[in-house]
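Notes follow the structure.
Number of protein chains: 2
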Amino acid sequence: MEKIRNFWGWGFEGAGLTPVEQRALAKRVQPFIAIAPEAIVPPTSDELHLPTSRIKPPDSLAPWCQFDAVSRAGHTYGKSFRDIVRALERRWELPPDVVVSPPDEDGVVAVLEWASQIDAVVIPYGGGSSVVGGVEAPANDDRPVISCDLGRLDRVLEIDTVSRAALVQAGVFGPSLEAQLRPHELTLRHYPQSFEVSSLGGWIATRSGGHYATLHTHIDDFVESVRAVTPAGFWESRRLPGSGAGPSPDRLLLGSEGILGVITAAWMRLQDRPRFRASAVAKFATFEAGAQSARALAQSGLWPSNCRLLDATESMMTGAGSGDAHLLLIGFESADHPVGEALTRAAELARDHGGVVEIRGDNESASREGQFDAADQWRGAFLRAPYIRDSLVCLGLISETFETAITWDRFDAFINNVRASTEEALRAVGAWPALVTCRLTHVYPDGAAPYFTVLAPGRSSGRLAQWQEVKSAVMDAIAAGGGTVTHHHSVGRDHRPGYDLERPELFAAQLRAAKKVVDPRAMLNPGVLIDP
Amino acid sequence: MEKIRNFWGWGFEGAGLTPVEQRALAKRVQPFIAIAPEAIVPPTSDELHLPTSRIKPPDSLAPWCQFDAVSRAGHTYGKSFRDIVRALERRWELPPDVVVSPPDEDGVVAVLEWASQIDAVVIPYGGGSSVVGGVEAPANDDRPVISCDLGRLDRVLEIDTVSRAALVQAGVFGPSLEAQLRPHELTLRHYPQSFEVSSLGGWIATRSGGHYATLHTHIDDFVESVRAVTPAGFWESRRLPGSGAGPSPDRLLLGSEGILGVITAAWMRLQDRPRFRASAVAKFATFEAGAQSARALAQSGLWPSNCRLLDATESMMTGAGSGDAHLLLIGFESADHPVGEALTRAAELARDHGGVVEIRGDNESASREGQFDAADQWRGAFLRAPYIRDSLVCLGLISETFETAITWDRFDAFINNVRASTEEALRAVGAWPALVTCRLTHVYPDGAAPYFTVLAPGRSSGRLAQWQEVKSAVMDAIAAGGGTVTHHHSVGRDHRPGYDLERPELFAAQLRAAKKVVDPRAMLNPGVLIDP
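If you read the protein sequences in the order shown, they are chains A and B. Residue numbering for the first sequence follows the working numbering, starting at 1 and increasing by one per position. Residue numbering for the second sequence follows the working numbering, starting at 533 and increasing by one per position.
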């Protein structure tokens, strides 16, 4: 049975928390944060009253078009806290005039041609899991809006088992991609939290962060070549394992967030499925000591697949620990060779920094996937977190995350400042007492990517305004501290203020110029990344 | 005593082959290839008769300017075979009107301002070791030409030992950079063959390939942020360990070959100096079997620092072997942990593919640098190869290299086709019998970078025309076979025909647009990469 996408919140219908689970959640949170007396009931489809669509497709495109309220509402927003609140408030202010799902690349060309004829805006739409306003219509733009859903471009077109690469259509979601690769014993092994509800094209367009905590942290290095359709024609790079021929064309599309073309397919570098795994947990008395241990590990050249540091509160809230220590999760995996020696050395490095290490699994000779239930469980919880977020929002809370990256030399001061600024802003808007927790999702030899989670009481009316204040303060603190406005969530519309402070001014001008070449009328996702 | 750069050939004066060495070289080559009866005597400075400079600097810049013939001749060409032949033929057709060596970044700004005032072309010049026509003046351009030599920007400005990174000026050469890092026990460990005579800025501008055969093959991943001066102003990216905020600004400058700005400094990611090393040599009966072994190793996730396959003839010519087998050189290094287990597994993979493995060194617990004489020797020979090339050119030969990259699925056919096309072209121009040898310099999970060396008899007049024919045939064969026109030598002027076939047409248009933003009058290295 096909899963039905939830039009107002994360993921699939029926996959969210049950009423029993939601009550348990409320009970768990209540000691820390005031929740609303009455949980908000999510909208149903019969409550949707959208403005009439302003456009009518040509007959040739009509079969791909959906004008119904659920489709249009479901494509109005991404899935950020702000999006969920707006949906819960039954606000669908700028729904697309139509959702078009072309069946193939030629179909995408046809959609762009139609859009050009009627002077419409086109928003490339993969899984719609953006948490940065990356798939919503521009305000202050009178043009009709087409949400171009790539969902039907969902096939692996070609597999090269010798080079371990595959030509994959951009609209494929994570589980389907892995299912299509599995018979060939290959895997992309890219597991963003949105894995189940995001697409390859979206990963490439947003420089998505995967489950590897070191080395290949983003999708970037797995991209061998890209195909895209632009209003000015096809854009296709050559399949190459490496090249030094000018600036990398692919790196211009990586992170282009739909403004430079609709990504339709990519040759992706794949891997053999891992057979060897080993993991450990190290407990630290302070977050700083844990971070120093993570730094040593990141600089060791051991390249662990997992190296995630959770602060004590976050450990408790996610059920990973009891809250009495900061946890560093260490993991190694390989399809080729045992990784026990690497884990032993990693454990040594953790102990050098005061960590108390517990070896969780050392499946040296394991070959059955079934032996890795612990990892699967963690993955399950990880993938379920956004559903819990939706329930928390229904309970009246402000529940949001933000993430960044910073070099190690500024790390401790940066974390403290960002945390303090966040807490101060929460207090200032009356969203207090609140929880601000931190983990490191990815680590590098020269720095780390801190990921903050905020859980705060919201005003029954005005949660968005509260959060907007806090978010502004956060972006300012990050910019002032030398971090990036986003490590892997991307820029979209919501991060524009921070992004504008961060990127070189001349680079923004170059990006505008590059856009003008392929999209002279600025029909593709205007206002995202740059003002065209 | 300061070394003096050779104005007509590779490297430093007095560092080339001695007459005795040159005679021995002639003897060694003669059995394979006909050499000229009389070696060509290189030009001396009193033979230089250059056209008068067309420009006069303002007083403020005069102290930085050199108008003497040796300086101008030395900045007329790079160091390709074509460049050496032109120098030996006493042809200095388009020398720069002046060589300017600004003392710092502000000086670079002043140079660009002056160039703008007099409508001059500016060629950013690092070490001048380009082998692709990357630092020579454009033909068919009447504007005066300024060679902007970054050599005085040669300092490490700041070191961050916590993040293991340094802010380094762009004009620093390899040995000086490493000498400045050594007191801090840090190293960039980027060793292109031009290490002694090329600069950090040049490495970044050309996406230089270093000594790591896997993983971090190019300088790209070691760049944390870049500073550049453009005619439109400063360009500076933020120091970040990683980011997902839009397309990477740095990746636009990486490979920009001087057309998008003069790179003045960069924050570079550094490493601890390696303490553990292990290496082996595997012999194979066929090049294909060696390549399959290299592929297995590249796909294993072991990430050897060395994984270079030499064909039998190349092994013999470079003294690495006796010519009876194809050699795979395998090496591991680490500053943190023993690498013996990795070498053992690599040796196993080589044996699986029919390799006969000899463990050369397994310095598990070695800590003294002195123990690695074998590696140092190889490095010495590697760095000396271009001097030998100059002597071969003096002996009347065509002596040149070209390199590319290709995915594994097309590897065998590609190698055979490119080799056959090269040999056929050599025969067609009468440069026969000749040697065409091949090695793999870098390997990837999805492909490899083959590097070809050509040694052929040249006509006493017309070697360049001969080579031009061959080079054209090579570029066509590479493009037709799906390779890249350059894996790490860059595009310059010489690779333009191949590059124009390779990059997406729309990307070239975007590059032109990006250039126009920062360099509206196309003063920076016009004609390199794109026609502005």
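We put the CB at the ideal spot given by N, CA and C, even for glycine. Remember, it's a predicted structure, so these values are computed and weren't measured experimentally.
With hydrogens ignored, establish whether the beta-carbon of residue i is closer than 7 Å to any heavy atom of the ligand GDP.
{"i": "B/G887", "result": "In the structure on display, the ligand GDP does not appear, and there are no ligands present to speak of."}
Got a sec? Which residues, its chain only, sit under 7 Å from residue i by beta carbon, not counting five neighbours each side?
{"i": "B/E901", "result": "Summary for B/E901: the model assigns pLDDT 42, below 50, so the residue's position carries little reliability; its value from the coordinates is reported in the next sentence. Here the set comprises nothing."}
{"i": "A/P532", "result": "R512, K515, A522, P526"}
{"i": "A/P249", "result": "S237"}
{"i": "B/R883", "result": "V889"}
Between residue i and residue j, how many whole angstroms is the CB-CB distance? I'm expecting something under 8 Å.
{"i": "B/I678", "j": "B/V632", "result": "6 Å"}
{"i": "A/A245", "j": "B/E932", "result": "Not really, about 18 Å apart at Cβ, beyond 8 Å."}
{"i": "A/G458", "j": "A/L397", "result": "6 Å"}
{"i": "A/A265", "j": "A/Q193", "result": "Actually they do not touch by this definition, with Cβ atoms about 24 Å apart."}
{"i": "A/G355", "j": "A/L328", "result": "6 Å"}
{"i": "B/W1066", "j": "B/L709", "result": "Any question about residue 1066 of chain B goes unanswered here, given that chain B covers just 533 to 1064."}
{"i": "B/A697", "j": "B/L802", "result": "6 Å"}
{"i": "B/R537", "j": "B/G606", "result": "6 Å"}
In terms of residue numbering, what span does the beta strand (DSSP E) encompassing residue i cover?
{"i": "A/N306", "result": "306 to 310"}
{"i": "A/L397", "result": "397 to 403"}
{"i": "A/G331", "result": "326 to 334"}
{"i": "B/K815", "result": "808 to 816"}
{"i": "A/V474", "result": "From DSSP, A/V474 is part of no beta strand (DSSP E) but of the alpha helix (DSSP H) over 463 to 481."}
{"i": "B/R696", "result": "Element bounds for B/R696: n/a, residue is neither H nor E."}
{"i": "A/D494", "result": "It is not in any beta strand (DSSP E) - A/D494 carries neither H nor E in the DSSP assignment."}
{"i": "A/V436", "result": "435 to 444"}
{"i": "A/D160", "result": "156 to 160"}
Apart from the five residues just before and just after residue i, which ones in its own chain have a Cβ nearer than 6 Å to its Cβ?
{"i": "A/L88", "result": "I40"}
{"i": "A/V197", "result": "G11, G127, S129"}
{"i": "A/P19", "result": "none"}
{"i": "B/P918", "result": "W542"}
{"i": "B/V923", "result": "Reading off the sequence, residue 923 of chain B comes out as Ser, not Val. Within the same chain, B/S923 has close Cβ partners L549, Q554, L557."}
{"i": "A/P57", "result": "C65"}
Alpha helix (DSSP H) containing residue i: first to last residue?
{"i": "A/W267", "result": "First-last for A/W267: 262 to 269, but that is the beta strand (DSSP E), not the alpha helix (DSSP H)."}
{"i": "B/L1070", "result": "Not covered by the structure: residue 1070 of chain B. The range shown for chain B is 533 to 1064."}
{"i": "B/E545", "result": "B/E545 -> no alpha helix (DSSP H), and no H or E assigned at all."}
{"i": "A/L511", "result": "505 to 518"}
{"i": "B/L958", "result": "943 to 960"}
{"i": "B/A828", "result": "819 to 830"}
{"i": "B/P707", "result": "706 to 713"}
{"i": "B/V674", "result": "Looking at the sequence provided, one finds Asp at residue 674 of chain B rather than Val. Counting along the chain, B/D674 falls outside any alpha helix (DSSP H), and DSSP gives it neither H nor E."}
{"i": "A/L253", "result": "250 to 253"}
When the distance is taken between beta carbons, is residue j closer than 8 Å to residue i?
{"i": "A/V528", "j": "A/G492", "result": "yes"}
{"i": "B/V1006", "j": "B/F934", "result": "yes"}
{"i": "B/A773", "j": "A/Y444", "result": "According to the sequence as given, residue 773 of chain B is Pro; it is not Ala. Taking 8 Å as the Cβ cut-off, B/P773 and A/Y444 qualify as a contacting pair."}
{"i": "A/L157", "j": "A/A110", "result": "no"}
{"i": "B/A812", "j": "B/I751", "result": "no"}
{"i": "A/I123", "j": "A/L435", "result": "no"}
{"i": "B/E668", "j": "B/Y609", "result": "yes"}
{"i": "B/R971", "j": "B/D843", "result": "yes"}
{"i": "B/H858", "j": "B/L841", "result": "yes"}
{"i": "B/S825", "j": "B/H885", "result": "yes"}
{"i": "A/T206", "j": "A/G134", "result": "yes"}
{"i": "A/Y451", "j": "A/S305", "result": "no"}
{"i": "B/A1009", "j": "A/V517", "result": "no"}
{"i": "B/D636", "j": "B/I587", "result": "no"}
{"i": "B/V617", "j": "B/L996", "result": "yes"}
{"i": "B/S740", "j": "B/V663", "result": "no"}
{"i": "B/F1039", "j": "A/W235", "result": "yes"}
Only counting the same chain, and skipping five residues up and downstream in sequence, which positions put a Cβ closer than 8 Å to that of residue i?
{"i": "B/T939", "result": "D978, G979, G1014"}
{"i": "A/D519", "result": "T230, P231, A232, I259, L260, G261, P532"}
(message) Threshold first: 3 residues or longer. Then list the beta strand (DSSP E) segments lying entirely within the region 27 to 112 of chain A, N to C.
(response) 98 to 100
(message) Please give the ranges of any alpha helix (DSSP H) in the region 186 to 242 of chain A, keeping only runs that are unbroken, at least 4 residues long and fully inside the region.
(response) 200 to 206
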